[in-house]
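Just so you know, the protein sequences line up as chains W, X and H, in that order.
The opening position of the first sequence corresponds to residue -8 in our numbering, with each subsequent residue numbered one higher.
The opening position of the second sequence corresponds to residue -8 in our numbering, with each subsequent residue numbered one higher.
The opening position of the third sequence corresponds to residue -8 in our numbering, with each subsequent residue numbered one higher.
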Amino acid sequence: MIITSRHPLSTSGQGDAHDITRQVGAAVAQSGLTAGIVTVFVTGSTAAVTTIEFEPGAVADFNRLFETLAPRNASYQHHLRWGDDNGSSHVRAALLGPSLTIPFVDRQLTLGTWQQVMVLEFDTRGRRREIVIQIVGE
Amino acid sequence: MIITSRHPLSTSGQGDAHDITRQVGAAVAQSGLTAGIVTVFVTGSTAAVTTIEFEPGAVADFNRLFETLAPRNASYQHHLRWGDDNGSSHVRAALLGPSLTIPFVDRQLTLGTWQQVMVLEFDTRGRRREIVIQIVGE
Amino acid sequence: MIITSRHPLSTSGQGDAHDITRQVGAAVAQSGLTAGIVTVFVTGSTAAVTTIEFEPGAVADFNRLFETLAPRNASYQHHLRWGDDNGSSHVRAALLGPSLTIPFVDRQLTLGTWQQVMVLEFDTRGRRREIVIQIVGE
């Protein structure tokens, strides 16, 4: 059985991190399904999803890594095309990826206690995002 | 229901990027399935898959990031084993990953307008790749 | 049909790499299913999973990349919160990701010959891990 839901998410710009573990867990609980996988997918090319211990220090460390990898104020060929300023956003998001698949068993996600599902905004301005949560289970 | 297809892809070497969004969308459309997930998987350890705004500037920026992370001409322990010259390829591919899972609903991928599915060759020579597109849906 | 198994894995600390391809393949073979996807998921926020040519050189090169990206002995805001010393572990694991989805066809994983499934420990001490292998197939 396949159950899909879409969740709006407003972000404030580059580095804005959202813990959506509760929404993912609720989608599984409300599905009535016992076991399967849940795919969390961020529509758009300047945001990404992963798991992390969602506390401000680890999130800040993670953002600092991306600033080192792809500095916001470096020059990007993407800027030349559209006059955009978000070349760093595209590079960061493509590296981290828009998709995460998590198994669930006995109606519970197999996440660890200190492992949360995080959507990370990389765009240079706030965006209205849509998060797709899709369950394939039985 | 599960529907698998395999798609050959010839590449020209490190940094060669292919937009396969059309093939993935066609596989979903032809499956006759309404909703589910499609997994795009690159067989082999020196290529990877992600999503990106597929325009030459962003792709060049992304390749530049990988050249910074794992320079092609640096020395790699992998070279010592086989006399290969593609240590940078293995490191880059393992970081980005061979697999991408995308939900579809109403026969449509949940990608954004500027979000394409890209296979990125990291090997130092051209390769004949096989891309697996597998749909789990109903 | 959905079949889940959990596999304990003891690790020796940061950089310890485990080839679990055999366990993943065995789970698929024992499922009796012909085609589908297998999701490999590492519970916890300081380990990750990907594919690589699993030979000591490539694994060492890969670990060296992470030491460059997020040096073990750098300062991390995460350390300030808990007095932990594993800020590098969290950053590395969130970047690489805890989940890998692999299609299988005719009871065989679609991996390449030189492409193995690797669990990589990033924590600064040995851990007892649980690897979830979940098959969705028919």
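Every residue, glycine too, gets a C-beta built ideally from N, C-alpha and C.
I'd like the list of long-range same chain contacts for S22 (chain W), defined as Cβ closer than 7 Å, with 5 residues on each side in sequence excluded. I(-6), I126, G128
Contact between the segment 75 to 84 of chain X and the segment 28 to 46 of chain X: three or more CB pairs below 8 Å? yes
Complete beta strand (DSSP E) runs within the segment 14 to 47 of chain X (minimum length 3 residues, chain order): 27 to 33, 38 to 43
Does the segment 37 to 57 of chain W come close enough to the segment 83 to 92 of chain W to have 3 or more Cβ pairs within less than 8 Å? yes
Span of the beta strand (DSSP E), counted from its first residue to its last, around Q125 (chain X): 119 to 128
Are three or more beta carbon pairs between the segment 39 to 49 of chain X and the segment 103 to 117 of chain X nearer than 8 Å? yes
How many Å lie between Q68 (chain X) and R116 (chain X) at the Cα? 19 Å
Report yes or no: is there a C-beta of chain X within less than 9 Å of the C-beta of Q125 (chain H)? no
At 7 Å on the CB atoms, spell out the chain X contacts of E44 (chain H), in chain order. S36, H81
Measure the CB-CB distance between L24 (chain H) and I11 (chain H) and report whether it falls below 9 Å. no
Tell me which residues of the segment 94 to 110 of chain W have at least one Cβ-Cβ distance to chain X shorter than 7 Å, keeping chain order. none
Within 10 angstroms of its Cβ, does E99 (chain H) collect 16 or more other Cβ (buried), or is it exposed? Checking the sequence, you will find Gln at residue 99 (chain H) rather than Glu. With fewer than 16 other Cβ atoms within 10 Å, it is exposed.
Using a Cβ cut-off of 9 Å (strictly closer), state whether F53 (chain W) contacts chain H. yes
Where A8 (chain H) falls: helix, strand or coil (DSSP): strand
Taking S22 (chain H) as the query, report the chain W residues whose CB atoms sit under 7 Å from its CB, ordered along the chain. Correct list: empty, because the minimum Cβ distance to chain W is about 13 Å.
S79 (chain W): CB within 8 Å of a non-hydrogen atom of the ligand ADP: This structure simply doesn't include the ligand ADP, nor any ligand for that matter.
Take N132 (chain H) and list the residues in its own chain whose beta-carbon comes closer than 7 Å to its own, dropping the five residues that flank it on each side. Since the first residue shown for chain H is -8 and the last is 129, residue 132 (chain H) is missing from the structure and cannot be characterised.
Starting from the beta carbon of L60 (chain X), find every residue of chain H whose beta carbon is closer than 7 Å, and list them in chain order. L56
Any C-beta of chain H under 9 Å from that of T2 (chain W): no
Any idea what DSSP makes of Q99 (chain W), helix, strand or coil? strand
If you follow the beta strand (DSSP E) that S1 (chain X) is in, where does it begin and where does it stop? -7 to 1
Amino acids of chain H, ordered along the chain, whose beta-carbon sits closer than 7 Å to that of R28 (chain W): According to the sequence displayed, residue 28 (chain W) carries Ile and not Arg. Ordered by position in chain H, the residues that pass the 7 Å Cβ test against I28 (chain W) are T30, Q125, V127.
Residues that DSSP places opposite L60 (chain X) in a beta bridge: Per DSSP, none; premise fails for L60 (chain X).
Range covered by the beta strand (DSSP E) that runs through Q107 (chain H): 107 to 112
Pick from X:A61, X:R13, X:L56 that is closest to D52 (chain H), judged by C-alpha positions: X:A61
Chain H contacts from the segment 61 to 75 of chain X (Cβ-Cβ distance under 7 Å): A61, Y67, Q68, H69, L71, R72
Taking only beta-carbon positions, decide if T41 (chain H) is within less than 9 Å of chain X. yes
Burial state of P94 (chain X), where buried means 16 or more other Cβ atoms lie within 10 Å: buried
Can you look up S80 (chain W) in the DSSP assignment and give me helix, strand or coil? helix
Opposing strand residues paired with L91 (chain W) [DSSP bridges]: W:V31
What distance in whole Å lies between the Cβ atoms of S90 (chain X) and L91 (chain H), which are believed to be in contact at a cut-off of 8 Å? 6 Å
DSSP on A65 (chain X), reduced to helix/strand/coil? coil
Can you give the Cα-Cα distance for A8 (chain W) and G74 (chain X), rounded to whole angstroms? 43 Å
Residues of chain H with CB under 9 Å from A49 (chain W), in chain order? S36, Y67, Q68, H69, R72, G78, H81, V82, A85
Chain W partners of T92 (chain X), CB-CB under 8 Å? T30, F32, S90, T92
For a test of the three-state rule: what should DSSP assign to D75 (chain X), helix, strand or coil? coil
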